Amino acid sequence: MIIVGMFQLAAGLAAIVEKTFFVVTADYLYAFDVTGWGWIHLVVGLVVLLAGFAVFSGRLWALALGIVLAGLSAIANFLFLPYYPLWSMLIIALDVIVIWALAVHGWKINA
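Read in the UniProt record's numbering, the sequence shown has 14 at position 14, and its numbers run on one by one without any break.
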């Protein structure tokens, strides 16, 4: 989860600093400004990163928060697919792995 948060931060910084890094196509139902997406990824990345550290506490609320935030990260990257498809699919796959790991093995942290 910490790595996913760092990846999100990197994507957010890339979108904010270099606006031509991501290619925008006009044939999708929704279109957002790349800088706006950069700020969204920056905030999501920071929150996921902090939640990843909270998961190490082994508390039930941290595990539940981690699952919810990984799901929100996957949704944000699904919406980001038109801008950077391969990166978005990679992050979605990592989010699914995080959700699976926390749901299946998260209770073992408490034991």
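We treat Cβ as the ideally placed atom computed from N, Cα and C, and that holds for glycine. Here the structure is a predicted model, which means the values were calculated and not measured.
Buried versus exposed, by CB contacts within 10 Å (16 or more), Gly36: Counting from 1 along the sequence shown, the entry for residue 36 is found at position 36. By the 10 Å Cβ count, Gly36 comes out exposed.
As assigned by DSSP and simplified to three states, the class of Lys108: If you number the sequence shown from 1, residue 108 lands on position 108. Here Lys108 sits in helix by DSSP.
C-alpha distance - His105 paired with Gly5, whole-angstrom precision: Along the sequence shown, one-based indexing puts residue 105 at 105. Along the sequence shown, one-based indexing puts residue 5 at 5. If I take the Cα positions, the gap works out to 20 Å.
Reduced DSSP category for Pro85 - H, G, I as helix; E, B as strand; rest coil: Translated into the one-based positions of the sequence shown, residue 85 becomes position 85. Reduced to three states, the DSSP call for Pro85 is helix.
Given Ala14 as reference, the closest of Ala70, Trp87, Val48 and Arg59 once Cα atoms are compared: Stepping through the sequence shown from its first residue, residue 14 is reached at position 14. Measuring from the Cα of Ala14, the nearest candidate turns out to be Trp87.
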